[in-house]
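Data block below; observations after.
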Amino acid sequence: MNKLIEFSIQNRLFVVALALVVAVTGGYQATQMPIDVLPDLNRPSVVVMTEAHAMVPQDVEQLVTLPLERALNGASGVTRVRSQSGLGLSVVTAEFAWGTDVFRNRQIVQEKLQLAQGFLPEGIQPQMAPVSSIMGQVQMIGLYSETDAHSLEQIRSLVDNDLRYRLMAVPGVATVLVIGGAPQQLQVEMDALRMRVYGVTVEDVATAIRTSNRSAGGGFLEIGAAAPVVTVNGLLGNADDLADA
């Protein structure tokens with residue numbers, strides 16, 4: 068320390084010049100630093116949210132979260148994978164290195180999700196959360212019928228067909244994930260004995276349902292000067308439509 072002080076006294080001009088250079092350089096760098104009200108304090112990350120159809124947290128972790136974690140751990144550029152498993156919901160976050168492009172990261176995650184799809188239970192479809200601020204918040208809303216006048220199917224249908232789109236239209240809402248209830252569905256119970264007699268396979272039934280649930284344009288019907296549009300509505304609306312398919 069004494070030698071440093073002695074050197075500084077003997078070379079006063081050099082020390083002053085060095086201090087000025089450091090001060091000017093620091094001031095210039097300070098003016099070039101980006102300024103943000105909400106600076107990004109976390110690594111670039113991609114969030115994968117999966118509705119697990121009312122599974123208990125243990126089943127969600129074993130059947131949904133772990134397969135997704137294994138797939139994302141091998142992704143290029145992923146530095147860390149963390150997850151949360153709750154009632155009917157799995158949230159997996161893949162963190163990437165600093166400076167990586169968020170849209171390229173999302174492409175990498177999407178490729179891994181396609182590979183992991185074969186290891187997930189049937190009907191489970193993971194979805195990437197939209198790009199949003201790290202300061203974003205999650206608002207959970209629960210719906211129920213006070214008088215039991217509406218069934219779980221009716222409440223879920225209301226949310227899927229109306230409330231969800233109203234919430235998406237609210238400024239600042241990034242995504243809406245619907246969990247729980249009883250989604251409307253039509254189940255086809257097949258008679259194995261009769262199918263064997265008529266030579267019908269499960270794939271034949273599935274193909275018949277897929278091809279019947281379509282709408283098509285029928286062109287124009289020329290009636291004098293008018294030409295109304297002909298539409299063939301083949302969408303399945305109820306169980307009777309499905310029975311006629």
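Read left to right, the sequence shown gives residues 68 to 312 (this note's numbering). The C-beta atom is built at its ideal place from N, Cα and C for all residues, glycine as well. It should be emphasised that the depicted structure is a prediction, and the values quoted were computed from it without experimental measurement.
Distance CB(residue i)-CB(residue j) smaller than 9 Å
i, j, result
"Leu156", "Val113", "no"
"Val115", "Met195", "yes"
"Ala45", "Val148", "Nothing can be reported for residue 45: it is not among the residues displayed for the chain, which extend from 68 to 312."
"Arg110", "Thr146", "yes"
"Leu302", "Val296", "no"
"Tyr211", "Ile222", "yes"
"Pro238", "Phe186", "no"
Bridge partner(s) assigned by DSSP for residue i
i, result
"Glu118", "Leu156"
"Leu112", "According to the sequence as given, residue 112 is Ser; it is not Leu. Bridge partners of Ser112: Glu162."
"Gln194", "Met116"
"Ala293", "Ile290"
Supposed contact pair residue j and residue i - C-beta distance, whole angstroms, cut 8 Å
i, j, result
"Ala216", "Ile175", "Actually they do not touch by this definition, with Cβ atoms about 48 Å apart."
"Ser150", "Glu136", "6 Å"
"Val205", "Leu154", "Actually they are not in contact, since the Cβ atoms of Val205 and Leu154 sit about 15 Å apart, beyond 8 Å."
"Ala241", "Pro197", "5 Å"
"Gly247", "Ala119", "Their Cβ separation, rounded to whole angstroms, is 11 Å, which puts Gly247 and Ala119 out of contact at 8 Å."
"Val131", "Ile191", "6 Å"
"Met257", "Val243", "Contact flag wrong, Cβ pair sits at about 35 Å."
Selection from the options that minimises the alpha carbon distance to residue i
i, options, result
"Val158", "Pro193, Thr167, Asn140, Gln177", "Pro193"
"Gln177", "Leu225, Val205, Leu139, Leu210", "Leu139"
"Gly209", "Leu260, Pro197, Leu225", "Leu225"
"Thr117", "Val245, Gln125, Arg173, Phe163", "Val245"
"Leu260", "Val269, Gly144, Val82, Met207", "Val269"
"Gly166", "Gly144, Val264, Ile276", "Gly144"
"Leu253", "Arg263, Ile276, Tyr265", "Ile276"
Continuous alpha helix (DSSP H) assignments of at least 4 residues falling wholly in the segment 131-177: Restricted to the segment 131-177, the alpha helix (DSSP H) segments that are unbroken, complete and at least 4 residues in length are 133-140, listed in chain order.
Uninterrupted alpha helix (DSSP H) stretches inside the segment 220-291 (no shorter than 4 residues): 231-235, 259-265, 269-279, all fully within the segment 220-291.
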